[in-house]
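A.B. asks: I'd like to ask you about the structure that follows.
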Amino acid sequence: MKMKFAGVLAFSAAMVFGLNGAVVAGDVERGESKARTCAGCHGTAGRSNVPSMFPSLAGRDAEELVELLKGYRSGEIDNAQMTPQARNLSDEDIKDLAAYYEAQEPK
Ligand code: HEC
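Structure, rendered in C-alpha cells:
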C-alpha cells in the first residue's frame, strides 16, 4: 500500500515538473512540420498577413492555443474555415502546434 502511494506521488511529480515531456508539453520541431498546412491562412510562423480574418498565432500562450484548438475540434467553437482544420488533430498534434506557435516571434 505504501509503495503504491509512493509510485503515484512520483508519477504526479513527473507530471508537474515536466519530466515526462511527451505528456506535458508539445514539441516545437514536430509542431513546425505540422504547421505547414496552417500557414496558408495564419501566415508564415503564425504571423498573419490578414489578422482581421486570420488571427495571428505567433507568440501566443500555448495553453490558450490548446484550449482554442480543442474547442474547434469538438465543434464547441464553430467556424466554417477553422473547425474542419482541427477535426483530425490528435491531442499530441495540438500540443505540438501550440508549442511551436508560442515559440515564434510575434510580428
Ligand atoms: C482555411 C484557412 C485556415 C487554415 C488552413 C487554418 N486556420 Fe486556424 N483559423 C482560421 C480562421 C478563419 C480563424 C478564425 C475563426 C473564428 O473567428 O472563430 C482561425 C482561428 C484559429 C485559432 C483561434 C485563434 C483565436 O485567436 O481565436 C487557432 C488557435 C487556429 N486557428 C489554429 C490553426 C492551426 C493550428 C491550423 C493548422 C492545423 C489552422 N489554424 C489552419 C482559418 C484557418
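The opening residue of the sequence shown carries number 72 in our numbering; numbering runs sequentially from there. A virtual CB, placed ideally from N, CA and C, is assigned to each residue, including glycine.
Less than 8 Å between C-beta atoms, sequence neighbours within five positions excluded: which residues of the same chain meet that for residue 92?
C.D. replies: The sequence position of residue 92 within the sequence shown is 21, counting from 1. Residue placement at residue 92 is poorly supported in this model, since its pLDDT is 45, which falls under 50; the coordinates are not used for a value here.
A.B. asks: If we call anything under 8 Å between Cβ atoms a contact, is residue 173 one with residue 139?
C.D. replies: Counted from its first residue, the sequence shown places residue 173 at position 102. Counted from its first residue, the sequence shown places residue 139 at position 68. Cβ distance not < 8 Å, so residue 173 and residue 139 don't count as in contact.
A.B. asks: When DSSP labels each residue in this structure, what does residue 124 get in the three-state scheme?
C.D. replies: Against the sequence shown, residue 124 aligns to sequence position 53. In the structure shown, residue 124 sits in coil (DSSP, three-state: anything other than H, G, I, E or B).
A.B. asks: Indicate, with yes or no, if the ligand HEC has a heavy atom lying under 7 Å from the CB of residue 106.
C.D. replies: Sequence index remark: in the sequence shown, residue 106 carries index 35 (1-based). Correct: residue 106 has its Cβ closer than 7 Å to the ligand HEC.
A.B. asks: Between which two residues does the alpha helix (DSSP H) carrying residue 104 extend?
C.D. replies: Within the sequence shown, numbered from 1, the residue matching residue 104 stands at position 33. From DSSP, the alpha helix (DSSP H) with residue 104 extends over 99-105.
A.B. asks: If you draw a straight line from the alpha carbon of residue 115 to that of residue 102, how long is it in whole angstroms?
C.D. replies: Numbered from its first residue, the sequence shown carries residue 115 at position 44. Numbered from its first residue, the sequence shown carries residue 102 at position 31. Each residue's alpha carbon lies about 13 Å from the other.
A.B. asks: Got a sec? Which residues, its chain only, sit under 8 Å from residue 164 by beta carbon, not counting five neighbours each side?
C.D. replies: By 1-based counting over the sequence shown, the position of residue 164 is 93. Closer than 8 Å at Cβ, skipping near neighbours: 105.
A.B. asks: Output the distance between the C-alpha atoms of residue 128 and residue 143, rounded to the nearest integer angstrom.
C.D. replies: As a first step, residue 128 must be located in the sequence shown, where it is residue number 57. As a first step, residue 143 must be located in the sequence shown, where it is residue number 72. So the two alpha carbons sit approximately 15 Å from each other.
A.B. asks: Just how far apart, CA to CA, sit residue 132 and residue 169?
C.D. replies: Within the sequence shown, numbered from 1, the residue matching residue 132 stands at position 61. Within the sequence shown, numbered from 1, the residue matching residue 169 stands at position 98. When rounded, the separation of the alpha-carbon atoms in residue 132 and residue 169 is 8 Å.
A.B. asks: Do you know offhand how far residue 96's Cα is from residue 166's?
C.D. replies: For this step, residue 96 is matched to residue 25 along the sequence shown. For this step, residue 166 is matched to residue 95 along the sequence shown. Cα to Cα, the separation comes out at about 6 Å.
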